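In my numbering, the protein residues as written are 2 to 155. Here's the structure we're looking at; comments come further down.
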């Protein structure tokens, strides 16, 4: 079964802001690089999120953007280069959907402190600077896939 989803059209600035965040930059850093005010950059991010199926988080907007080719997908890397425990791997789709540690713990029926620890270790293993960047890093290593993300989209 093939899932087909219409590709949202992001404006150039919306793509630039989202791509900057996907690269691990803060919104302030992205705004500075694009010579925008941070509030303007936030406005572009909010527009991109609404176009990307009403994404509620930057992480879910990046995942949706990659899945429907609304933003340029990162260069793939060999999956075997990213060594993750099963517990860390299980967190990836939840992080990509923008869930909090508390929500993940409840969903996985695991202790909150354990989920938080696994999340920190996952960021370190993926060499990601923040959860938005983790989406990019796990996409590169094919831990997070188009097929997974398309099942979440409305």
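Each residue gets a CB set at the ideal place from its N, CA and C atoms; glycine is no exception. Predicted model only: the values in this text are computed from it and were never measured.
Segment contact: the region 40-47 against the region 7-27, three or more CB-CB distances shorter than 8 Å; contact assigned. Contact between residue 68 and residue 151 holds: their C-beta atoms lie close to 6 Å from each other, under 8 Å. Distances from the CA of residue 25 to each of 92, 95, 59 were compared; the closest alpha carbon is that of 59. Annotated three-state conformation of residue 96 is helix, per DSSP. Spanning the alpha carbons of residue 153 and residue 42 requires a straight line of approximately 26 Å.
If only complete runs of 3 or more residues are kept, the region 122-147 shows no beta strand (DSSP E) anywhere.
Annotated three-state conformation of residue 56 is coil, per DSSP. Separation of residue 144 and residue 80 (C-alpha to C-alpha, rounded to the nearest whole angstrom) is 7 Å. CA-to-CA, the gap between residue 117 and residue 107 works out to about 12 Å. For residue 37, there is no enclosing alpha helix (DSSP H), as DSSP marks it with neither H nor E.
For residue 16, the uninterrupted alpha helix (DSSP H) segment begins and ends at 13-23.
With a cutoff of 8 Å on beta-carbon distance, residue 62 and residue 50 are scored as near each other. Non-local C-beta neighbours of residue 119 in its own chain, meaning closer than 7 Å and more than five positions away in sequence, comprise 88, 89, 92, ordered along the chain. DSSP places residue 152 in the helix class (H, G or I) of the three-state scheme. The C-beta distance from residue 71 to residue 9 rounds to 5 Å, short enough to fall under 8 Å.
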